[in-house]
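Inspection log for the structure reproduced underneath, given as structure tokens.
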Amino acid sequence: MANDAVVMEEGLGEDEDLIKNQTKELMSNTCWLSYCFFCGTGCSNCCDPLFLGTFKFLCCEGLCSTAPGYGEDGCCNTLSKCCCLVNVGSFPPGGGGNDGVPCFACCNIRCGGEGGQEDGASKYEQLVRDTFLCSYCLCCGLGCSSPSDPLFLGTLKCCCLKTSFATSPACDEATGCCYIQSKCCCCIQALTLPPGGGKSDGIPALACCGVTIWSGEKGDADSDEEARS
Numbered sequence: 220m221a222n223d224a225v226v227m228e229e230g231l232g233e234d235e236d237l238i239k240n241q242t243k244e245l246m247s248n249t250c251w252l253s254y255c256f257f258c259g260t261g262c263s264n265c266c267d268p269l270f271l272g273t274f275k276f277l278c279c280e281g282l283c284s285t286a287p288g289y290g291e292d293g294c295c296n297t298l299s300k301c302c303c304l305v306n307v308g309s310f311p312p313g314g315g316g317n318d319g320v321p322c323f324a325c326c327n328i329r330c331g332g333e334g335g336q337e338d339g340a341s342k343y344e345q346l347v348r349d350t351f352l353c354s355y356c357l358c359c360g361l362g363c364s365s366p367s368d369p370l371f372l373g374t375l376k377c378c379c380l381k382t383s384f385a386t387s388p389a390c391d392e393a394t395g396c397c398y399i400q401s402k403c404c405c406c407i408q409a410l411t412l413p414p415g416g417g418k419s420d421g422i423p424a425l426a427c428c429g430v431t432i433w434s435g436e437k438g439d440a441d442s443d444e445e446a447r448s
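Right, here's the structure in full:
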């Protein structure tokens, strides 16, 4: 249970607040072509960043952003935990220097490629170390771990695109229960539940052709009452 508290405290990583703030600013400055309560589409600058997004489905929350094409975590990798099932993959074989991924493993007997250090290991590296790897061969494998501690945790990287996810509260006033906020080149897409998203997330409730008809943010109702008075 103590380990679970540590994972929850770490959340989605040190870039979590930065990416969420960037996404909020992006949504606030988007030219919404159409948005009606639950979902909509808009446009923005093509680059800076090329990819950006956040998503949440009840107790699973994640981030998406650009990343260096090749670094300590290799060119491509995946690590996902759902309940007791752990899926591990990496390219080139053996992963990066600090991810704990082996080249081969059978019944948790590991060979090559693990690297890294015991002290100061990231939560992803620690998850790989704590997982019983049933089998792993070069680029992919399966293992099992505790069904909780945490329930969901993972990261995926494909060249310059990186996604991470973790367990989160099922419903948050600031974000709502479910949402997708994404940018790919100049295309912006958003989906929210409840309608209009969470508190001050930059997503409108109603918008058309770049005009926000109703922002849906807290305080709008009071402002409307004052305007009518």
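Numbered per my numbering, the sequence shown finishes at 448, counting up by one with no gaps. Just so you know, even glycine gets a beta-carbon here, dropped at the ideal spot from N, CA and C. On a predicted model such as this, the values are computed, not experimentally measured, just so you know.
Starting from residue i, trace the alpha helix (DSSP H) in both directions and tell me its first and last residue.
i	result
T242	E235 to N248
What span of residues does the beta strand (DSSP E) with residue i cover, start to end?
i	result
Y398	C397 to C403
E280	C279 to T285
T411	C406 to L412
T273	F270 to F276
Less than 8 Å separating the beta-carbons of residue i and residue j?
i	j	result
C404	C265	yes
G435	L412	no
L370	C278	yes
Q408	M246	no
G272	T242	yes
G415	A426	no
D318	E344	yes
K300	G373	yes
C359	V430	no
Since residue i contacts residue j with CB under 8 Å, what's their CB separation in whole angstroms?
i	j	result
S354	C325	6 Å
F310	C322	Actually they are not in contact, since the Cβ atoms of F310 and C322 sit about 12 Å apart, beyond 8 Å.
G288	C397	Going by Cβ atoms, the distance from G288 to C397 rounds to 32 Å, so no, they are not a contact pair.
G331	G313	6 Å
F270	L375	Going by Cβ atoms, the distance from F270 to L375 rounds to 13 Å, so no, they are not a contact pair.
L357	R329	L357 to R329, Cβ: 13 Å. No contact.
So what does residue i bridge to, in DSSP terms?
i	result
F323	C330 and C356
Y254	G259 and A426
Q345	For Q345, which the question treats as bridged, DSSP gives no partner whatsoever.
G373	S299 and F384
D391	G395
N306	S299 and L361
T431	A426
G290	G293
Hey, is residue i close to the ligand GDP, as in C-beta under 7 Å from one of its heavy atoms?
i	result
T273	Within the structure as shown, the ligand GDP is missing, as the structure has no ligands at all.
Stretch-stretch touch, CB-based, cutoff 8 Å, three pairs: the stretch 256 to 271 with the stretch 338 to 357: Segments in contact, no.
Contact the stretch 277 to 291 vs the stretch 243 to 255: 3+ CB pairs below 8 Å: With the rule of 3 Cβ pairs closer than 8 Å, the stretch 277 to 291 does not count as touching the stretch 243 to 255.
Three-pair Cβ contact test at 8 Å for the stretch 384 to 398 versus the stretch 357 to 365: Contact fails: fewer than three Cβ-Cβ distances are below 8 Å.
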